[in-house]
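Asks: Provided herewith is a single structure, encoded as structure tokens, for subsequent inquiry.
Protein chains: 2
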Amino acid sequence: MQRSLEEYISLIENKLSEYNPVRDNPQVKIYEAMNYSLGAGGKRLRPILLLEFCRIFGGREEDAMPFACALEMIHTYSLIHDDLPAMDNDELRRGKPTNHIVFGEAAAILAGDALLTKAFEICSKPSGCSAERQIRAINMLASFSGTDGMVGGQVVDLESENKDISMDTLRYMHSLKTGALIKAACMIGAVIGGADESGTEAAGMFAENLGIAFQIRDDILDVTGSEEELGKKTGSDEKLKKNTYVTFLGVKKSQELCREYSDKALKALDDIDSDTEFLAHMVGKLVDRNS
Amino acid sequence: MQRSLEEYISLIENKLSEYNPVRDNPQVKIYEAMNYSLGAGGKRLRPILLLEFCRIFGGREEDAMPFACALEMIHTYSLIHDDLPAMDNDELRRGKPTNHIVFGEAAAILAGDALLTKAFEICSKPSGCSAERQIRAINMLASFSGTDGMVGGQVVDLESENKDISMDTLRYMHSLKTGALIKAACMIGAVIGGADESGTEAAGMFAENLGIAFQIRDDILDVTGSEEELGKKTGSDEKLKKNTYVTFLGVKKSQELCREYSDKALKALDDIDSDTEFLAHMVGKLVDRNS
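Protein chains in written order, with our numbering: chain W, 11 to 301; chain F, 11 to 301.
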């Protein structure tokens, strides 16, 4: 059944709290710290992509849901750790104080660790999906999140601060830091949905191009966006002397490049023999977004 | 084939570096930071227990090895994060500077995240084990490492600092903080080895009692051990006003209690219809250890 964006978001947010119930025990603070960041909103882009790719390849929503929520947990843990004083030292995220501001630094580190662990716990529970397919999806989730995926991107980012890097390094960094989890979303959705190799590849191709377009838009918004709409301070890239598409190309050329990659993402959908209208609509929304 | 302790350690250490090759890419620092702590020695208690439990239940060593190494990666990540300035702020671990002292705080946080992620990556690779058994073991690994396992214990520890807690809370905290991964080791080994429910339960019972005995010995060594043998500063529990078995019971009573629990661990082995001599020998070694 084709869901609307709003339906997807509400489904995902309900499941996220179901998967992390607050229990009355001496470690209750950890559930609260996890739920604080899980419940802080956001676009839920990754879980939506995962569920929709499962749908278009004919899979069942309930088989994809644990992976969708796991991916959002991994995304959320990465934001909590990224905001820490030793990392980006951000005090505001999605318009709310960051996790360590509310719960303290030690609890924020542990809440991140716990979310990452919970992700693998929920997607390894017995499911209606075949164990082989489930294991393959777990392996993809871990690979895209680790040293050669998201965490690797954060390391490159860290190593690039206050340094002159090439545009190639910038692209490489983003392909891991933001790109890897978007790729995980689309490809895991395809695998759980039952896509064959060429379908899974098309999902990956779509994700790669969408990921770059998404990142360029992010860099543009840090310069042109309003703090109110974004829920975080703008101009922080410049303040931290971060390398971005805008510092390389300026706003106008970045906008053109963003359009180019979103067109490539749309083109990748042509290789998928299913109803991809929702996905095409999402690409448009993400590229024109103001937050 | 029955391995000696030394054979197990060398097998595990070789595999650990195999699983985390240093690759020549812009994020090379992360592999180095991970390997630094993975290679820093330690007793390799958890992976040895896992491999041995797999063996006594008739499983294949190569099926258990990814889980053994994954568990050691999870144990290692927890030490890296635990040593951070925002947590225990330790500068020395196993006689070497801690991870954040060598690589910086941000890289140490990411190295911990990466080790936790890698753990799930290596144990979800295709293996000779049935996918059902593999999934079950992954789920146990995650459960014992998370909010209701190791991370939960760290939260209780954090919340107990500078507070008067009951001996019940102390036991609860340790059952999670140290106990959970020891239980994971024995029970996952049993599951991969093909144990039935009663065998897996006996493995869990052995682990629970060994875990408590091990922790009491740890608390005793923080008071009576030599810094040279331990490779870390002693007396740190007292300095941090940590609640320990020794602060509750004194050294002598703690020693008696340690003996009591190790006897219970040995008794649990009676319920296992296999050759448990190696495990019994390990209990003896751990309880009499000076480091």
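Note that the Cβ used here is the ideal one computed from N, Cα and C, for glycine as well.
1. Is there a C-beta anywhere in chain F that falls below 8 Å from the one on W:L168?
2. Under 8 Å: do the stretch 68-79 of chain W and the stretch 107-114 of chain W share three or more Cβ pairs, one atom per stretch?
3. Residues bridged to F:K295 by DSSP?
4. Do we get a CB-CB distance below 8 Å when we pair F:P76 with the residues of chain W?
5. Name the DSSP beta bridge partners of F:P107, please?
6. How is the alpha helix (DSSP H) around W:M183 delimited, first residue to last?
7. Along chain F, which residues have their Cβ under 7 Å away from the Cβ of W:Y182?
8. Checking contacts by CB at 8 Å: is W:S185 closer than that to chain F?
9. Let me see if you follow: with CB-CB separation under 8 Å, is W:F130 close to chain F or not?
10. Need the endpoints of the alpha helix (DSSP H) that W:E171 sits in, please.
11. Under 8 Å by Cβ, that's how I've got F:S264 and F:D298 pegged, so tell me the actual separation to the nearest angstrom.
12. Can W:G245 be considered in contact with the ligand HEM, in the sense that its beta carbon sits closer than 7 Å to one or more heavy atoms?
13. Considering W:T157, what are the terminal residues of the alpha helix (DSSP H) in which it resides?
14. Could you say which of W:L61, W:L186, W:G162, W:A129 lies nearest to W:M11 if we only look at CA atoms?
15. Excluding five sequence neighbours on each side, which residues of the same chain lie with their C-beta closer than 6 Å to the C-beta of W:A275?
16. Would you kindly work out how many angstroms separate the C-alpha atoms of F:A80 and W:I111, rounded to a whole number?
17. Check the C-beta distance from W:Y87 over to W:L26 and give it rounded, since I have them as a contact under 8 Å.
18. Give the residues of chain F in contact with W:Q225, contact being defined as C-beta atoms less than 7 Å apart.
19. Please report the straight-line C-alpha distance between F:A194 and F:I58, rounded to a whole angstrom.
20. Can you tell me the Cβ-Cβ gap for F:G209 and F:A190, rounded? I've got them flagged as a contact below 8 Å.
21. Which residue wins for smallest C-alpha separation from W:P95, given the options F:M197, F:C196, F:G114, F:F258?
22. Pick helix, strand or coil for W:F130, following the three-state DSSP scheme.
23. Going along chain F in order, which residues have a C-beta closer than 7 Å to the C-beta of W:N149?
24. So, helix, strand or coil for W:C79, using DSSP?
25. Report buried or exposed for F:P36, applying the criterion of at least 16 other Cβ atoms within 10 angstroms of its Cβ.
26. Nearest CA to the CA of F:F224: which residue from F:V201, F:E211, F:T188?
27. Using beta carbons (cut-off 8 Å, strictly below), is F:I282 in contact with chain W?
28. Looking only at its own chain, which residues have a Cβ that is under 8 Å from the Cβ of W:I148, when we skip the five neighbours before and after it?
29. Which same chain residues, not among the five before or five after F:G138, have their C-beta less than 8 Å away from its C-beta?
30. Does the distance from the CB of W:R56 to the CB of W:I19 come in under 8 Å?
31. Relative to the C-alpha of F:H302, which residue among F:Y255, F:A116, F:G122 is closest?
32. DSSP three-state label for F:Q144, please.
33. Just verifying my parser: in three-state terms, what is the DSSP assignment at W:I202?
34. Taking the alpha-carbon positions, what's the W:V233 to W:F258 distance?
35. F:D98: buried (16+ other C-beta within 10 angstroms of its C-beta) or exposed?
Replies: The relevant details are as follows:
1. Position 158 of the first sequence, counting from 1, holds the residue named residue 168 of chain W. By the rule that beta-carbons nearer than 8 Å mark a contact, W:L168 touches chain F.
2. For the pair of segments examined, the stretch 68-79 of chain W was found not to touch the stretch 107-114 of chain W: the number of CB pairs separated by less than 8 Å stays below three.
3. Residue mapping note: residue 295 of chain F aligns to position 285 of the second sequence, counting from 1. DSSP, once it has assigned bridges, lists no residue as partnering F:K295.
4. Locating residue 76 of chain F in the second sequence gives position 66, counting from the first residue. For F:P76, no Cβ of chain W is located within less than 8 Å of the residue's own Cβ.
5. As a position in the second sequence, residue 107 of chain F is number 97, starting the count at 1. For F:P107, which the question treats as bridged, DSSP gives the partners F:L102.
6. Stepping through the first sequence from its first residue, residue 183 of chain W is reached at position 173. First-last of the alpha helix (DSSP H) with W:M183: 177-187.
7. The count along the first sequence starts at 1 and reaches residue 182 of chain W at position 172. Simply P36.
8. Locating residue 185 of chain W in the first sequence gives position 175, counting from the first residue. It does not: the Cβ of W:S185 has no partner Cβ on chain F nearer than 8 Å.
9. Residue mapping note: residue 130 of chain W aligns to position 120 of the first sequence, counting from 1. At a cut-off of 8 Å, the C-beta of W:F130 has a neighbouring C-beta in chain F.
10. Residue mapping note: residue 171 of chain W aligns to position 161 of the first sequence, counting from 1. From DSSP, W:E171 is part of no alpha helix (DSSP H); its letter is neither H nor E.
11. In the second sequence, the residue the question calls residue 264 of chain F occupies position 254. In the second sequence, the residue the question calls residue 298 of chain F occupies position 288. Taking the Cβ atoms as the reference, F:S264 lies roughly 14 Å from F:D298, outside the contact range of under 8 Å.
12. As presented, the structure is devoid of all ligands, the ligand HEM included, so that no description of it is given.
13. Looking up residue 157 of chain W in the first sequence gives position 147. Neither: W:T157 is in no alpha helix (DSSP H) and is coded neither H nor E.
14. Numbered from 1 along the first sequence, position 1 holds the residue referred to as residue 11 of chain W. Looking at the Cα atoms, W:L61 is the closest of the given residues.
15. As a working mapping, residue 275 of chain W is identified with position 265 in the first sequence. Residues of the same chain with a CB within less than 6 Å of the CB of W:A275, apart from the 5 flanking positions on each side, are F216, N219, L220, V293 in chain order.
16. Translated into positions along the second sequence, residue 80 of chain F becomes position 70. Translated into positions along the first sequence, residue 111 of chain W becomes position 101. Each residue's alpha carbon lies about 32 Å from the other.
17. Stepping through the first sequence from its first residue, residue 87 of chain W is reached at position 77. Stepping through the first sequence from its first residue, residue 26 of chain W is reached at position 16. 13 Å between Cβ atoms; not a contact.
18. As a position in the first sequence, residue 225 of chain W is number 215, starting the count at 1. Within chain F, no C-beta atom comes less than 7 Å from the C-beta of W:Q225; the nearest is roughly 17 Å away.
19. What you label residue 194 of chain F is simply residue 184 of the second sequence in a count that begins at 1. What you label residue 58 of chain F is simply residue 48 of the second sequence in a count that begins at 1. Rounded to whole angstroms, F:A194 to F:I58 spans 12 Å at the Cα level.
20. The sequence position of residue 209 of chain F within the second sequence is 199, counting from 1. The sequence position of residue 190 of chain F within the second sequence is 180, counting from 1. Actually they do not touch by this definition, with Cβ atoms about 20 Å apart.
21. Along the first sequence, one-based indexing puts residue 95 of chain W at 85. Comparing Cα-Cα distances from W:P95 to each of F:M197, F:C196, F:G114, F:F258, the minimum goes to F:G114.
22. Residue numbering aside, residue 130 of chain W sits at position 120 when the first sequence is read from its first letter. In the structure shown, W:F130 sits in a helix (DSSP, three-state: H, G or I).
23. Within the first sequence, numbered from 1, the residue matching residue 149 of chain W stands at position 139. Those are E131, S134, K135, listed as they occur along chain F.
24. One-based indexing of the first sequence puts residue 79 of chain W at position 69. In the structure shown, W:C79 sits in a helix (DSSP, three-state: H, G or I).
25. Position 26 of the second sequence, counted from the first residue, corresponds to residue 36 of chain F. Counting Cβ neighbours within 10 Å, F:P36 comes out buried, since at least 16 surround it.
26. If you number the second sequence from 1, residue 224 of chain F lands on position 214. Of all alpha-carbon atoms in F:V201, F:E211, F:T188, the one lying nearest the alpha-carbon of F:F224 is that of F:T188.
27. Along the second sequence, one-based indexing puts residue 282 of chain F at 272. F:I282 does not count as touching chain W.
28. Residue 148 of chain W sits at position 138 when you count from the first residue of the first sequence. In chain order, F130, C133, S134 place their CB closer than 8 Å to the CB of W:I148, counting only its own chain and leaving out the 5 sequence neighbours on each side.
29. Along the second sequence, read from residue 1 onward, the residue named residue 138 of chain F stands at position 128. In the same chain as F:G138, and ignoring 5 residues on each side of it, the C-beta atoms closer than 8 Å to its own belong to R70, E72, D73, in chain order.
30. Along the first sequence, one-based indexing puts residue 56 of chain W at 46. Along the first sequence, one-based indexing puts residue 19 of chain W at 9. The answer is no: Cβ separation not under 8 Å.
31. In this structure chain F extends from 11 to 301, so residue 302 of chain F is not present and cannot be described.
32. The count along the second sequence starts at 1 and reaches residue 144 of chain F at position 134. Helix.
33. Within the first sequence, residue 202 of chain W is the residue found at index 192, counting from 1. Helix at W:I202.
34. Residue 233 of chain W sits at position 223 when you count from the first residue of the first sequence. Residue 258 of chain W sits at position 248 when you count from the first residue of the first sequence. In a straight line, the C-alpha of W:V233 is about 13 Å away from that of W:F258.
35. What you label residue 98 of chain F is simply residue 88 of the second sequence in a count that begins at 1. By the 16-neighbour rule on beta-carbons within 10 angstroms, F:D98 is buried.
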